[in-house]
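First up is the structure itself, then whatever we jot down about it.
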Amino acid sequence: MSKPHYDREHHAKIASGIGDPQCFRGKAGEAKFKEGERVRIRDLPDIFYTRTMLYTRGAVGTVTKLVYESPAAEDEAFGNEDHPEWFYSVVFMQKDLWPEYSDTYANDTLETEFPERYLERA
Amino acid sequence: MSDHHDHDHDHGHKPAPMVDEVSHFEILEMAVRELAIEKGLFTAEDHRTWVEYVHTLGPTPAARLVAKAWLDPEYKKLCEADGVEASKAVGVNWVTSPPTQFGTPSDYCNLRVLVDTPTVKHVVVCSLCSCYPRPILGQSPEWYRTPNYRRRLVRWPRQVLTEFGLQLPSEVTIRVADSNQKTRYIVMPGRPEGTEGWTEDQLTEIVTRDCLIGVAVPKPGITTNVKLPVRKAIHPVHHDH
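Read top to bottom, the protein sequences are chains A and B.
The numbering of the first sequence is my numbering, which starts it at 1 and goes up by one.
The numbering of the second sequence is my numbering, which starts it at 1001 and goes up by one.
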């Protein structure tokens, strides 16, 4: 890691007066997916910490928005900010998440965000 | 212990608990906080400043943001495009207002305003924990943090909304926003009928916290949140006073 492990003010130093996730703007490189693309949520192994809900894993949805750049929570939880990536807002049909969801309300949707590593083209 | 209390000597009373039940997470928070203070990560004074700051927050700025957007289509566009920028018009600077100067820890500086239409109703949840746009909405209500709301809203949104008294016809689709990463959400409901000619102040009053989370829609004359029943603690604190 690029920073000394004892620098507990590291985050405050990079984000003060700028904000988080704004402090990671421009650091993720080129985005792999674009708005309107169909993506499947990968079921990656996670050790100790994740913010990718089980109910979305394996589901296919549509990218509505590239939201910001940031380290994935799975890294940031352990102080690793070395690899910021693009975050995507993805919308799912409720029926694709919950097979038993009522047909009467077949157009209901759910939107939530993912770091790029969790997405693959569907 | 007898009913008669002699207050002339110290008889080792514990103070009465302020809440009925202390959760494991509250105990964990206290333990981590005390360790952090001991280790010098922040001081007790920093913590006090922070607590005082969060108690000054409430939903009024967000209500005003919605009222302004109802009256000004240009401002509404700004709200949709950049919630953080739009917040400045209602006195909320996500980056510089909190004492940290880099945004509220765990709330980040990223606000998305979800604009309802006659056919789409948004509702917000954090299924992981209790992410909530605190700088513009204050502290979340207790029910928002309960596993009951968090687990059920993503899966049975219509049933949960019905419990709040909001029944939506099938031609209105529901979009649940699960606030799981660094974006925080508020809902901009549609302007209700019967508010023609109202001022920004009048409109602000009917945009309640519940409307901003999405579990209610504004109605002329309704300026309070839904009252949910208070459930008794399952494991109440025993006080041997």
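We treat Cβ as the ideally placed atom computed from N, Cα and C, and that holds for glycine.
Because the structure is a prediction, the values reported are computed rather than measured.
query: Who pairs with L119(A) in a beta bridge, going by DSSP?
result: When beta bridges are read from the DSSP output, L119(A) appears opposite I41(A).
message: Using only the alpha-carbon positions, how far apart do L44(A) and L97(A) sit?
response: Between L44(A) and L97(A), the C-alpha separation is close to 18 Å.
- prompt: Which residues in chain B sit within 8 Å of I18(A), going by Cβ to Cβ distance?
  reply: Within chain B, the residues near I18(A) are V1095 and F1102.
- request: Could you spell out the range, first to last residue, of the alpha helix (DSSP H) harbouring H1122(B)?
  value: Element bounds for H1122(B): not the alpha helix (DSSP H) but the beta strand (DSSP E), V1120 to V1125.
query: On the three-pair Cβ rule with 8 Å, is the stretch 1121-1138 of chain B touching the stretch 1085-1104 of chain B?
result: Under the Cβ criterion (8 Å, minimum of three pairs), the stretch 1121-1138 of chain B counts as touching the stretch 1085-1104 of chain B.
- request: Verify the CB distance criterion: does P1236(B) have a CB-CB separation below 8 Å to chain A?
  value: So no, P1236(B) is outside the interface.
field: Completely contained alpha helix (DSSP H) runs for the stretch 1014-1061 of chain B, where each covers 4 or more residues
entry: Those alpha helix (DSSP H) runs which fall completely within the stretch 1014-1061 of chain B and span 4+ residues are 1024-1039 and 1044-1054.
field: Buried or exposed (CB count within 10 angstroms, at least 16 for buried), T1122(B)
entry: In the sequence under discussion, the amino acid at residue 1122(B) is His, which differs from the Thr named in the question. Classification of H1122(B): buried, given that the 10 Å Cβ count is 16 or more.
field: For R40(A), the nearest candidate out of D75(A), E116(A), I47(A) and G58(A) (CA to CA)
entry: Relative to R40(A), the option among D75(A), E116(A), I47(A) and G58(A) whose CA is nearest is G58(A).
message: Within 8 Å of any Cβ in chain B, is that where the Cβ of L119(A) sits?
response: At least 8 Å separates the CB of L119(A) from every CB of chain B.
- prompt: Do R1152(B) and Y105(A) have their C-beta atoms closer together than 8 Å?
  reply: Contact: no.
Residue-level contact to chain B via CB, F87(A), 8 Å cutoff: Yes, because at least one Cβ of chain B sits closer than 8 Å to the Cβ of F87(A).
task: Examine chain A for any beta-carbon lying closer than 8 Å to the beta-carbon of L1035(B), and answer yes or no.
output: No, no contact with chain A.
field: Contact list for I1136(B) against chain A, beta-carbon separation under 7 Å
entry: Residues of chain A passing the Cβ test: none, with the nearest at roughly 14 Å.
message: Using beta carbons (cut-off 8 Å, strictly below), is C1109(B) in contact with chain A?
response: By this cut-off, C1109(B) is an interface position.
query: In terms of alpha-carbon separation, which member of F33(A), T56(A) and R8(A) lies closest to T93(A)?
result: Strictly speaking, residue 93(A) in this sequence is Met, with Thr absent from that position. The residue among F33(A), T56(A) and R8(A) with its C-alpha nearest the C-alpha of M93(A) is T56(A).
- prompt: Is Y68(A) helix, strand or coil when you go by DSSP?
  reply: Look at Y68(A) here: in three-state DSSP terms it is strand.
- prompt: R1064(B) and V1090(B) look like a contact to me (Cβ under 8 Å); what is the Cβ gap, rounded to whole Å?
  reply: Indeed, because the Cβ distance is near 5 Å, the residues count as touching under 8 Å.
query: Does the Cβ-Cβ distance between F87(A) and P115(A) come in under 8 Å?
result: The Cβ atoms of F87(A) and P115(A) lie closer than 8 Å to each other.
field: Cα-Cα separation between L1041(B) and E1026(B), rounded to whole angstroms
entry: Spanning the two alpha carbons is a distance of roughly 19 Å.
- prompt: Going by beta carbon distance, what residues of the same chain come within less than 8 Å of E1200(B), once the five residues before and after it are set aside?
  reply: Same-chain partners within the cutoff: R1064, A1067, K1068 and L1071.
query: Would the beta-carbon of V63(A) fall within 8 Å of that of V90(A)?
result: Contact flag set, yes.
- prompt: Using a beta-carbon distance cut-off of less than 8 Å, what residues from the stretch 1147-1178 of chain B approach chain A?
  reply: Taken in chain order, the members of the stretch 1147-1178 of chain B whose beta-carbon sits within less than 8 Å of a beta-carbon on chain A are V1154, R1155, P1157, R1158, S1170, T1173, I1174, R1175, V1176, A1177 and D1178.
task: Specify the secondary structure class of V1187(B) as computed by DSSP and reduced to three states.
output: Note: V1187(B) maps to strand in three-state DSSP.
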